Amino acid sequence: MPSISVVIPVYRSQDSIGLVIEQLSKVLPTLTDTYEAVLVEDNGGDNGWDVIQQLSQDYEWVRGYRLMRNYGQHSALLCGIRAAKNEIIVTMDDDLQHPTEKIKDLIALVEEGYDVAYGTPEKEQHGFLRDVASQVTKIVLQGAMGADTARSISAFRAFRTSLRDAFVEYRGPLVNIDVLLTWGTTKFTAIPTPHAPRTIGASNYTFGKLVTHTFNMVTGFSTLPLRFASVLGLTMTGFGFVLLLYVILSQIFIFRYEVPGFTFLASVISIFAGAQLFTLGIIGEYLARMHLRIMDKPAYIVGQSTEKTIENVVS
Numbered sequence: 000m001p002s003i004s005v006v007i008p009v010y011r012s013q014d015s016i017g018l019v020i021e022q023l024s025k026v027l028p029t030l031t032d033t034y035e036a037v038l039v040e041d042n043g044g045d046n047g048w049d050v051i052q053q054l055s056q057d058y059e060w061v062r063g064y065r066l067m068r069n070y071g072q073h074s075a076l077l078c079g080i081r082a083a084k085n086e087i088i089v090t091m092d093d094d095l096q097h098p099t100e101k102i103k104d105l106i107a108l109v110e111e112g113y114d115v116a117y118g119t120p121e122k123e124q125h126g127f128l129r130d131v132a133s134q135v136t137k138i139v140l141q142g143a144m145g146a147d148t149a150r151s152i153s154a155f156r157a158f159r160t161s162l163r164d165a166f167v168e169y170r171g172p173l174v175n176i177d178v179l180l181t182w183g184t185t186k187f188t189a190i191p192t193p194h195a196p197r198t199i200g201a202s203n204y205t206f207g208k209l210v211t212h213t214f215n216m217v218t219g220f221s222t223l224p225l226r227f228a229s230v231l232g233l234t235m236t237g238f239g240f241v242l243l244l245y246v247i248l249s250q251i252f253i254f255r256y257e258v259p260g261f262t263f264l265a266s267v268i269s270i271f272a273g274a275q276l277f278t279l280g281i282i283g284e285y286l287a288r289m290h291l292r293i294m295d296k297p298a299y300i301v302g303q304s305t306e307k308t309i310e311n312v313v314s
């Protein structure tokens, strides 16, 4: 069995992360002789870092990193992925919803020849709005990734550590691990896994945050909105020509000297103006992201570590 690194972003889960490590301590030794857990505390403001420091003392295979401020789940994941030392990386949440006993099934798929294997929830346990937003995110990601398994993505995933070479030079405040993985492979697969209801604390990934993440993802890693703006502009132009033709034919064949209908004309002007502003807004979003890249703003900065050196994961 290959060596395993389990990467877990930690955010306001001081009461659950210890239980997750306890579960891993029973599962990982049955899978491989070489394993580790990399915990990245995303500056949640609770006592999570104190818990991680204690866990690193209780378990020699646990390492911890604390980010300087809250950068987001995917930035924390990127930090942990770059810090991982073993052949296969497994990522999972800190809330006890991902079944640790299914890690062996994900790794088995990677060993079969796939580069990335997702543990797709049989039934998500987040609540109606969160589940709807999650499905919308996956639909959007399908266009951004260009992969058939995009609808099956999950935070519970296993992949070859060598894939990170594809995005080793990536810098920027907008991070999506699933999109970055597509830079290195097209060999994705997924299997259904149980998804336990959360019993400790509440989800910090709200509907609003998920919508924001979706918007950042599709504008940060895809040109789909620009293409949509082009199609919208072309459609509005065609509609304008049809309207102009109608006015000309009305003048020639119906002998009207003026076209009645101020309400209709105002509506058409509003449609065209709205389409133009919408298109300018999309272009503005891309310019804003170019501005962020020019600033060279990092995806994360590590503030503390349970190890003596942290240079290898600072980005």
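Take the sequence shown: its position 201, counting from 1, is numbered 200 in numbering that gives the first Met the number 0, and each next residue is one higher. By construction, the Cβ of each residue, glycine as well, lies at the ideal position given by its N, Cα and C atoms. Nothing here was measured: the structure is a model prediction, and the numbers come from that model.
Under the assumption that E121 contacts T192 (Cβ atoms under 8 Å), give the Cβ distance between them as a whole number of angstroms. 7 Å
Count the other CB atoms, across all protein chains shown, that sit within 10 Å of the CB of V312; report buried if there are 16 or more and exposed otherwise. With a pLDDT of only 49 at V312, under the threshold of 50, the placement of this residue in the model should not be trusted; the figure read from the coordinates follows. By the Cβ neighbour-count rule, V312 is buried, with 16 or more other Cβ atoms within 10 Å of its own.
By how many angstroms is the C-alpha of L108 removed from the C-alpha of S2? 15 Å
Measure the C-alpha to C-alpha separation of Q22 and V89 and round it to an integer number of angstroms. 14 Å
Measure the alpha-carbon distance for T119 versus R163 and round it to whole angstroms. Near 22 Å, if we compare the C-alpha coordinates of R163 and T119.
Please go through the same chain and pick out, in chain order, the residues whose beta-carbon is closer than 8 Å to the beta-carbon of I7, but skip the five residues on each side of it. Closer than 8 Å at Cβ, skipping near neighbours: I16, V19, A36, V37, L38, V39, G79, T90, M91, D92 and D93.
Touching by the beta-carbon criterion (3+ pairs, under 8 Å), the region 97–116 and the region 52–64: Segments in contact, no.
For L264, which option in L243, I281 and D57 has the closest C-alpha, if you only look at C-alpha atoms? L243
Out of S12, I282, Y58 and K84, which has the shortest C-alpha to C-alpha gap to K25? Y58
For the beta strand (DSSP E) that D303 lies in, which residues bound it at each end? Just to set this straight, residue 303 is Gln in the shown sequence, not Asp. Run containing Q303: V301 to S304, per the beta strand (DSSP E) assignment.
According to the Cβ coordinates, are G44 and R11 closer than 8 Å? yes
In three-state terms, what does DSSP make of V89? strand
For Q13, which residues from the same chain have a beta carbon less than 7 Å from its beta carbon, with the 5 sequence-adjacent residues on both sides left out? Same-chain partners within the cutoff: D45, N46, G47 and V50.
Compute the distance between the beta-carbons of L66 and G302, then report whether it is under 8 Å. yes
Whose C-beta lies closer than 7 Å to the C-beta of L180 among residues of the same chain, with five residues either side of it excluded? V115, F158 and L162
Assigned exposure category for V9 - 16 Cβ within 10 Å defines buried: buried
Cβ of Y64 less than 8 Å from any chain C Cβ? Absent here is chain C; the protein component of the structure consists of one chain.
Quick one: is T308 buried, meaning 16 or more other Cβ sit within 10 Å of its Cβ, or exposed? Interpretation of T308 is limited by its pLDDT of 48, a score under 50 that renders its predicted location unreliable; the figure taken from the coordinates is listed afterwards. The residue in question, T308, is exposed, as its Cβ has fewer than 16 Cβ neighbours within 10 Å.
Buried or exposed for A272, please, with buried defined as at least 16 other CB atoms from any protein chain shown within 10 angstroms of its CB. exposed
Counted within 10 angstroms of its Cβ, other Cβ atoms place V174 as buried (16 or more) or exposed: buried
Between which residues of its own chain and F227 is the CB-CB distance below 7 Å, once the five residues before and five after are set aside? none
Close-in-space but distant-in-sequence residues of the same chain around T188 (CB under 8 Å, 5 per side omitted): Hits under 8 Å: L108, Y113, V115, A116, Y117 and T148.
Could you check if K296 is buried or exposed, using at least 16 other CB atoms within 10 Å of its CB as the buried criterion? Classification for K296: exposed.
Check whether the Cβ atoms of A83 and Y64 lie closer than 8 Å to each other. no
Let me know if V5 comes out buried or exposed under the rule of 16 or more other beta-carbons within 10 Å of its beta-carbon. buried
Element boundaries [beta strand (DSSP E), containing T119]: V115 to P120
Is L243 helix, strand or coil when you go by DSSP? helix
My output table needs one value for Y64: the three-state DSSP class, helix, strand or coil. In this structure, DSSP gives Y64 an extended state, which the three-state scheme calls strand.
Please work out which residues of its chain come closer than 6 Å, Cβ to Cβ, to S304, disregarding the five sequence neighbours upstream and downstream, and give them in chain order. Y64
Alpha-carbon to alpha-carbon, L225 and I281: 7 Å
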